[in-house]
Amino acid sequence: MQTLDPHLALDKNSIQVCETMYQPLVKYSREDEAIGACLAISWEVKQQGKEWIFHLRKGVKFHDGTPLNADAVVFSFLQQLNPAHPYYEEKFFYGRYLFGEVVDKVWAVDEYTVKFILKIPYMPFIYSLTNPAAMVVSPEAVKTFGENFYRHPAGTGPFRLLSWTKDGEVVLGRYDDYWGEKAYLHSL
Numbered sequence: 265m266q267t268l269d270p271h272l273a274l275d276k277n278s279i280q281v282c283e284t285m286y287q288p289l290v291k292y293s294r295e296d297e298a299i300g301a302c303l304a305i306s307w308e309v310k311q312q313g314k315e316w317i318f319h320l321r322k323g324v325k326f327h328d329g330t331p332l333n334a335d336a337v338v339f340s341f342l343q344q345l346n347p348a349h350p351y352y353e354e355k356f357f358y359g360r361y362l363f364g365e366v367v368d369k370v371w372a373v374d375e376y377t378v379k380f381i382l383k384i385p386y387m388p389f390i391y392s393l394t395n396p397a398a399m400v401v402s403p404e405a406v407k408t409f410g411e412n413f414y415r416h417p418a419g420t421g422p423f424r425l426l427s428w429t430k431d432g433e434v435v436l437g438r439y440d441d442y443w444g445e446k447a448y449l450h451s452l
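To convert, note that position 102 of the sequence shown is 366 in our numbering; the numbers rise steadily by one, no gaps.
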């Protein structure tokens, strides 16, 4: 496993672990091949597919105890797309690949509403938002740990990091403040 930062996860093991610790705005169901709510409870598409407005789930906390809000979502995208962002890194190429040619602007409309303006109408945008590069990270954890965030992850998923040894063993623990149905297992 290479990283526990979903924006850098490219290998299968990293992605699988990140999917238990982080969440995107929407999720893809393989069973019915449909997009469903996750961190966003609803969304609107306007301007013939150029404007996307997401309404966030309230009461969600990151593993570090900070609240999920629109600013956190904006941070997670701008960190990958805007070279002027203080936590931008060149190695966030996958997010730029998915969103760089499509997203023109992203901002917080209010505490629980995020708006994306696309450069072109792009209906597959919603499917792109199910990718690990679209998972929302804790801005406070990124600010605290900087480029070492991948060793100190803070997402909103049902599991949180307990330990990651040098030999690659990762132990995850159930996140008891998870907003959804609590995980059956206490650790993985």
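Note that beta-carbon positions come from the ideal geometry of N, C-alpha and C, so glycine has one too.
Remember, predicted model here, so these are calculated numbers, not experimental data.
On the premise that residue j lies in contact with residue i, defined as a C-beta separation below 8 Å, what is that separation, rounded to the nearest angstrom?
{"i": "Met285", "j": "Leu425", "result": "7 Å"}
{"i": "Met265", "j": "Gly437", "result": "Contact doesn't hold; Cβ gap of about 17 Å is too wide."}
{"i": "Leu268", "j": "Pro417", "result": "4 Å"}
{"i": "Lys276", "j": "Asp441", "result": "No, Lys276 and Asp441 are not in contact; Cβ-Cβ is about 28 Å, not under 8 Å."}
With distances taken between CB atoms, is the gap from residue i to residue j smaller than 9 Å?
{"i": "Ala336", "j": "Pro403", "result": "yes"}
{"i": "Ile390", "j": "Trp443", "result": "no"}
{"i": "Leu345", "j": "Arg321", "result": "no"}
{"i": "Gly419", "j": "Gln287", "result": "yes"}
{"i": "Phe357", "j": "Val401", "result": "no"}
{"i": "Val367", "j": "Lys383", "result": "yes"}
Whose C-alpha, out of the options, is nearest the C-alpha of residue i?
{"i": "Gly421", "options": "Gln266, Leu272, Val290, Gly432", "result": "Val290"}
{"i": "His319", "options": "Lys325, Lys310, Ala334, Asp328", "result": "Ala334"}
{"i": "Met399", "options": "Ser427, Tyr376, Leu332", "result": "Leu332"}
{"i": "Cys282", "options": "Phe413, Asp441, Lys446", "result": "Phe413"}
{"i": "Ser306", "options": "Val370, Asn277, Phe339, Val378", "result": "Val378"}
{"i": "Glu375", "options": "Lys407, Ala304, Thr429", "result": "Ala304"}
{"i": "Ala298", "options": "Gly364, Val435, Val373, Pro388", "result": "Pro388"}
{"i": "Phe380", "options": "Gln280, Val309, Tyr352", "result": "Val309"}
{"i": "Thr330", "options": "Val406, Lys383, Lys314, Val373", "result": "Val406"}
{"i": "Glu365", "options": "His271, Asp296, Pro385, Trp428", "result": "Pro385"}
{"i": "Trp371", "options": "Leu362, Phe363, Lys383, Phe341", "result": "Phe341"}
{"i": "His271", "options": "His327, Leu393, Arg294, Cys302", "result": "Leu393"}
{"i": "Trp428", "options": "Thr408, Val373, Lys446, Leu452", "result": "Leu452"}
{"i": "Tyr439", "options": "Arg415, Asp328, Glu353", "result": "Asp328"}
{"i": "Lys314", "options": "Arg415, Lys369, Glu445, Glu353", "result": "Lys369"}
{"i": "Gln280", "options": "Phe423, Gly300, Glu445", "result": "Phe423"}
For residue i, count neighbouring C-beta atoms within 10 Å of its own C-beta (all shown protein chains included) and say buried if the count is 16 or more, exposed if not.
{"i": "Gly410", "result": "exposed"}
{"i": "Gln343", "result": "buried"}
{"i": "Ser278", "result": "buried"}
{"i": "Leu274", "result": "exposed"}
{"i": "Val435", "result": "exposed"}
{"i": "Pro350", "result": "exposed"}
Quiz item: Of all the alpha helix (DSSP H) runs that stay within the bounds of the region 334-378, which reach a length of 4 or more residues?
Solution: 334-345
Quiz item: Unbroken alpha helix (DSSP H) runs of length 4 or more, entirely within the region 365-452: which are they?
Solution: 389-392, 403-409
Self-check item: In chain order, each beta strand (DSSP E) run of at least 3 residues that lies wholly inside the region 270-306
Solution: 290-293, 298-301
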